[in-house]
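From first to last, the protein sequence lines are chains A and D.
Numbering follows the numbering used here, with no gaps: position 5 of the first sequence is 5.
Numbering-wise, the numbering used here comes out as the position in the second sequence, counting from 1, plus 236.
Every residue, glycine too, gets a C-beta built ideally from N, C-alpha and C.
A quick write-up on the structure given underneath.
Protein chains: 2
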Amino acid sequence: MRYELYYWPMVQGRGEFVRLALEDAGADYVDVARGKNGMGRLERFMGRYPRAPFASPYLRAGKLVIGQTANILHYLGPRLGLAPKNEADRLWIHQLNLTLADWLVEAHDVHHPIGSGLYYEEQKREAKRRAADFLANRLPKFFGYFEGILARNPARSGWLSGRRLSTADLALFQMIEGLRYAFPRAMRRREKKAPRTLALRERVAARRGIAAYLASPRRIPFNEYGIFRHYPELDR
Amino acid sequence: MRYELYYWPMVQGRGEFVRLALEDAGADYVDVARGKNGMGRLERFMGRYPRAPFASPYLRAGKLVIGQTANILHYLGPRLGLAPKNEADRLWIHQLNLTLADWLVEAHDVHHPIGSGLYYEEQKREAKRRAADFLANRLPKFFGYFEGILARNPARSGWLSGRRLSTADLALFQMIEGLRYAFPRAMRRREKKAPRTLALRERVAARRGIAAYLASPRRIPFNEYGIFRHYPELDR
Numbered sequence: 001m002r003y004e005l006y007y008w009p010m011v012q013g014r015g016e017f018v019r020l021a022l023e024d025a026g027a028d029y030v031d032v033a034r035g036k037n038g039m040g041r042l043e044r045f046m047g048r049y050p051r052a053p054f055a056s057p058y059l060r061a062g063k064l065v066i067g068q069t070a071n072i073l074h075y076l077g078p079r080l081g082l083a084p085k086n087e088a089d090r091l092w093i094h095q096l097n098l099t100l101a102d103w104l105v106e107a108h109d110v111h112h113p114i115g116s117g118l119y120y121e122e123q124k125r126e127a128k129r130r131a132a133d134f135l136a137n138r139l140p141k142f143f144g145y146f147e148g149i150l151a152r153n154p155a156r157s158g159w160l161s162g163r164r165l166s167t168a169d170l171a172l173f174q175m176i177e178g179l180r181y182a183f184p185r186a187m188r189r190r191e192k193k194a195p196r197t198l199a200l201r202e203r204v205a206a207r208r209g210i211a212a213y214l215a216s217p218r219r220i221p222f223n224e225y226g227i228f229r230h231y232p233e234l235d236r
Numbered sequence: 237m238r239y240e241l242y243y244w245p246m247v248q249g250r251g252e253f254v255r256l257a258l259e260d261a262g263a264d265y266v267d268v269a270r271g272k273n274g275m276g277r278l279e280r281f282m283g284r285y286p287r288a289p290f291a292s293p294y295l296r297a298g299k300l301v302i303g304q305t306a307n308i309l310h311y312l313g314p315r316l317g318l319a320p321k322n323e324a325d326r327l328w329i330h331q332l333n334l335t336l337a338d339w340l341v342e343a344h345d346v347h348h349p350i351g352s353g354l355y356y357e358e359q360k361r362e363a364k365r366r367a368a369d370f371l372a373n374r375l376p377k378f379f380g381y382f383e384g385i386l387a388r389n390p391a392r393s394g395w396l397s398g399r400r401l402s403t404a405d406l407a408l409f410q411m412i413e414g415l416r417y418a419f420p421r422a423m424r425r426r427e428k429k430a431p432r433t434l435a436l437r438e439r440v441a442a443r444r445g446i447a448a449y450l451a452s453p454r455r456i457p458f459n460e461y462g463i464f465r466h467y468p469e470l471d472r
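Now the structure itself:
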């Protein structure tokens, strides 16, 4: 099966969680909007399409058009060998991915607390307040949660669920990368208290498919159009 | 199967999306935290539990403990007759529920744009700005999306997917109820442009299980501790 990923071509954004899964698995896929006339093709299954997604990313897989990042990962997981096939484990991995998606929204809203349609510069004052709350309260809470899950995984594998890497591990890796880019100062302090999460990060980065991807031009550099943005004034 | 729902006993909140599904189906369930010593029992499967949810609501179903509202609905759907069993339709209904969950976060963040751990009064100025953006831009966008999905459902059933009601229809009903409570002025104008969504709302409210539930003391009234809050200064 050749998968078609539809997502903005200039940012990692939410699409990156899907790209990482496809790349780790060595799946056959096309990043549609990065090709010729890409931006025009991005809306192919939006608008009048009966089961149109509300927003990208969405994945075309044969006759299926699947929207919502975590939903795409839920679909791909067992097909790419990145989730077991049994329902209990799939639900748990999906639950972890949804919690990571909640964290991601909060990381985004640090620089856009008032409205996603406004520029950062139009909500800079509010962003400073939200950043202070995010770094003081939310970052420790989420890190503590995932450290605890890693510590209590009965398989003691170093992965979030069971004995093998899943889409949730790849998503946690991406969260760390993004948070390091956006908040290097705050993360240097925070990482010291999250050894299990950091060990997971290293293992993901060293995987053959991921290492090759990160070193390739397919990995779009972080920038200030994406979800994770580095504004030094927010990183106190 | 007797289901156990774990959620805050004083608000509708996210738990209400699960309650509506259980009530519509006439399922056997216990709303654990509304019983004796309820608040203490709320944390039973949090903390040290190996597959602890990050937050409530969570559902206990036999040996399974399932967190994340949309994940719970994804699990319950086919079991309660509120989603078909085939993968394509389940993915689509889940996608709709995840989009409704995104909308819900935005409705919440209107009154808490800076931090969920702060009081509304501490972020009232920012809330006014966010409310203006939400009502002007986000409310029309989400309403337009769901109106379009209802209009283009090939089954022409008046439901979001296929010929029968699903968990997504119940969730859309709850969004309308919450938004009417929080923003009565804005909604009076908006509803005129969303006839299909309003017709769906009426049909859900008239269902036997839902009508009985809404008239019962099990339906917690909306209040200013929940996700949907009525602050007149935000409803311009």
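>> Quick check: residue 7 of chain A and residue 31 of chain A, are their CB atoms within less than 9 Å of each other?
In response: yes
> Going along chain A in order, which residues have a C-beta closer than 7 Å to the C-beta of residue 329 of chain D?
Replying inline: Within chain A, no residue comes near residue 329 of chain D; the closest Cβ sits about 10 Å away, beyond 7 Å.
> Do residue 382 of chain D and residue 333 of chain D have their CB atoms nearer than 9 Å?
Replying inline: no
>> Can you look up residue 59 of chain A in the DSSP assignment and give me helix, strand or coil?
In response: strand
> To which residues of the same chain is residue 455 of chain D closer than 7 Å at the C-beta, ignoring the five residues directly before and after it?
Replying inline: 449
>> Less than 8 Å between C-beta atoms, sequence neighbours within five positions excluded: which residues of the same chain meet that for residue 285 of chain D?
In response: 301
>> Can you tell me whether residue 462 of chain D is buried or exposed? The criterion is at least 16 other CB atoms within 10 Å of its CB, across all chains shown.
In response: buried
> Just to confirm, are residue 161 of chain A and residue 92 of chain A a CB contact at a threshold of 9 Å?
Replying inline: yes
>> Closer than 7 Å between beta carbons: that is the criterion. Which residues of the region 66-94 of chain A meet it against chain D?
In response: 66, 67, 68, 70, 71, 75, 88, 91, 92, 94
>> Does the structure place the region 269-277 of chain D close enough to the region 123-139 of chain A that three or more beta carbon pairs sit under 8 Å?
In response: no
>> Less than 9 Å between the C-beta atoms of residue 295 of chain D and residue 356 of chain D, yes or no?
In response: no
>> With the cut-off set at 9 Å, would you say residue 249 of chain A and residue 76 of chain A are in Cβ contact?
In response: For residue 249 of chain A there is no data in the structure shown, the boundaries of chain A being 1 and 236.
> How would you call residue 71 of chain A, buried or exposed, if buried means at least 16 neighbouring beta carbons within 10 angstroms?
Replying inline: buried
> What residues in the region 273-289 of chain D have a beta carbon less than 9 Å from any beta carbon of chain A?
Replying inline: 283, 284, 285, 286, 287, 288, 289
> By Cβ distance, which residues of its chain are closer than 7 Å to residue 201 of chain A, with the 5 residues on each side in sequence left out?
Replying inline: 173, 176
> Out of curiosity, what's the CA-to-CA distance linking residue 157 of chain A and residue 196 of chain A?
Replying inline: 11 Å
> What are the residues that DSSP puts in a beta bridge with residue 67 of chain A?
Replying inline: A:58
>> Do residue 293 of chain D and residue 241 of chain D have their beta-carbon atoms positioned less than 9 Å apart in this structure?
In response: yes
> Exposed or buried, which one is residue 264 of chain D when buried takes at least 16 other CB atoms within 10 Å?
Replying inline: exposed
>> Using 9 Å as the threshold, is the C-beta distance between residue 38 of chain A and residue 9 of chain A below it?
In response: yes
> From residue 251 of chain D to residue 458 of chain D, what distance separates their C-alpha atoms?
Replying inline: 13 Å
> Taking Cβ-Cβ distances below 9 Å as the criterion, which residues of the region 395-419 of chain D are in contact with chain A?
Replying inline: 397
>> Ignoring anything shorter than 3 residues, give me the beta strand (DSSP E) runs that lie fully in the region 371-447 of chain D, in order along the chain.
In response: none
> Hey, how far is the Cα of residue 179 of chain A from the Cα of residue 345 of chain D?
Replying inline: 21 Å
> Along chain A, which residues have their Cβ under 8 Å away from the Cβ of residue 463 of chain D?
Replying inline: Those do not exist, as residue 463 of chain D stays about 14 Å from chain A at its closest Cβ, beyond 8 Å.
> What are the boundary residues of the alpha helix (DSSP H) that residue 240 of chain D is part of?
Replying inline: It is not in any alpha helix (DSSP H) - residue 240 of chain D instead sits in the beta strand (DSSP E) that spans 239-242.
> Going along the region 110-122 of chain A in order, which residues come within less than 9 Å of chain D, judged by CB to CB distance?
Replying inline: 113, 114, 115, 116, 117, 118
>> Which of the three DSSP states is assigned to residue 30 of chain A in this structure?
In response: strand
>> Please classify residue 423 of chain D as buried or exposed, where buried requires at least 16 other C-beta atoms within 10 Å of its C-beta.
In response: buried
> If we ignore side chains and look at the alpha-carbon of each, how far apart do residue 321 of chain D and residue 86 of chain A end up?
Replying inline: 16 Å
>> Between the alpha carbons of residue 446 of chain D and residue 407 of chain D, how many angstroms are there, rounded?
In response: 12 Å
> Is residue 344 of chain D helix, strand or coil when you go by DSSP?
Replying inline: helix
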